[in-house]
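Enquirer: Using my numbering, the letters of the sequence shown map in sequence onto residues 3 to 185. Note that the Cβ used here is the ideal one computed from N, Cα and C, for glycine as well. Just so it is clear, the structure is predicted and the values come from calculations on it, not from any experiment.
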Amino acid sequence: MEEEQIISNKEGLIFSKIKKNNYKLSFPLENKNIDLSKIIDFSLIQLVYNLNSDVYETVRLEKLNDNEAIATLVMKHFFEDLGLPQRFSYVHIQKFIEKDRISFRSQSIQSHRPEGIPEDAELMSIKELISICDIVNPHQINNSFVIMFDDVMYIPPFVEKLVALILNKMFKRVKQFIENIRL
């Protein structure tokens, strides 16, 4: 078993490599003004995308029912100058509720290409993305996101560091937004 390698640790957001093509982002959330467990649903996922319009070109979240959704995400073409293709995600998301945990499991849909995707964009093939929200108490949640890319996908070390920067920026916005909500 490989040892988890921390790639970035900034402002309480820790991005690490678990093993080849497997990464984890973890951070706590706290807000004494609201019951955080009540806001963990698909609208929270939409909030992540809405707060990061500089990262995503287009975002579509289609809620199928209370526990399932389909998300189509086209990322901005960050690495065009490096010769890397623009990426998109097309995932099926399932929500699971346990006693003190709410989790989301996402997997790439590879059976067909959704409409509106740039012709030269490539699917970011995600074996599984697991988002876990452990409820410490009504006002505190520990979050972790584990993403497992297909084994054949090559991720250069410099790209790992750039991804860490992007994710840190994205989830720092979400963290600040949620921690500053006043109801």
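1. So residue 13 packs on residue 174, CB below 8 Å; how close in whole Å?
2. Near residue 3, which residues of its chain fall below 6 Å by C-beta distance, leaving aside the five closest residues on each side in sequence?
3. From residue 135 to residue 146, what does the alpha carbon distance come to, in whole angstroms?
4. Counting only runs that start and end within the stretch 26 to 107, where is the beta strand (DSSP E) found for 3 or more residues in a row?
5. I want to see whether chain B comes within less than 7 Å of residue 112, judged by CB atoms only; does it?
6. Below 6 Å CB to CB, which residues in the same chain sit around residue 126 once its five sequence neighbours on both sides are set aside?
7. Starting from residue 21, trace the beta strand (DSSP E) in both directions and tell me its first and last residue.
8. Are there 16 or more other CB atoms within 10 angstroms of the CB of residue 177, so buried, or fewer, so exposed?
9. Please go through the same chain and pick out, in chain order, the residues whose beta-carbon is closer than 7 Å to the beta-carbon of residue 122, but skip the five residues on each side of it.
10. Does the Cβ-Cβ distance between residue 23 and residue 160 come in under 7 Å?
11. Can you name the residues that DSSP bridges to residue 136?
12. Report, in whole angstroms, the separation of the C-beta atoms of residue 28 and residue 170, which I expect to be a contact under 8 Å.
13. Who are residue 173's beta bridge partners in DSSP?
Expert: Let me spell this out:
1. Locating residue 13 in the sequence shown gives position 11, where the first residue counts as 1. Locating residue 174 in the sequence shown gives position 172, where the first residue counts as 1. Residue 13 to residue 174, Cβ: 6 Å. Contact.
2. For this step, residue 3 is matched to residue 1 along the sequence shown. Residue confidence for residue 3 is low, a pLDDT of 47 falling below 50, so the modelled location carries little weight; the figure read from the coordinates is stated next. Contacts found: none.
3. Translated into the one-based positions of the sequence shown, residue 135 becomes position 133. Translated into the one-based positions of the sequence shown, residue 146 becomes position 144. Roughly 7 Å between the two C-alpha positions.
4. 58 to 67, 70 to 77 and 89 to 99
5. Reference to chain B is not applicable here, since this structure consists of a single protein chain.
6. Here residue 126 refers to the residue found at position 124 when the sequence shown is read from its first residue. Once the five neighbours on either side are set aside, the close Cβ partners of residue 126 are 89 and 91.
7. As a first step, residue 21 is located in the sequence shown; it is residue number 19 there, counting from the start. Where residue 21 is concerned, the enclosing beta strand (DSSP E) stretches over 15 to 21.
8. If you number the sequence shown from 1, residue 177 lands on position 175. By the neighbour-count rule (16 or more Cβ atoms within 10 Å), residue 177 is buried.
9. For the purposes of this step, residue 122 is identified with residue 120 of the sequence shown, where counting begins at 1. Contacts found: 87 and 88.
10. Mapped onto the sequence shown, residue 23 falls at position 21. Mapped onto the sequence shown, residue 160 falls at position 158. Taking 7 Å as the Cβ cut-off, residue 23 and residue 160 do not qualify as a contacting pair.
11. By 1-based counting over the sequence shown, the position of residue 136 is 134. For residue 136, which the question treats as bridged, DSSP gives the partners 103 and 144.
12. Numbered from its first residue, the sequence shown carries residue 28 at position 26. Numbered from its first residue, the sequence shown carries residue 170 at position 168. Going by Cβ atoms, the distance from residue 28 to residue 170 rounds to 12 Å, so no, they are not a contact pair.
13. Taking the first residue of the sequence shown as 1, we reach residue 173 at position 171. Looking at the DSSP assignment, residue 173 forms no beta bridge with any residue, so it has no partner.
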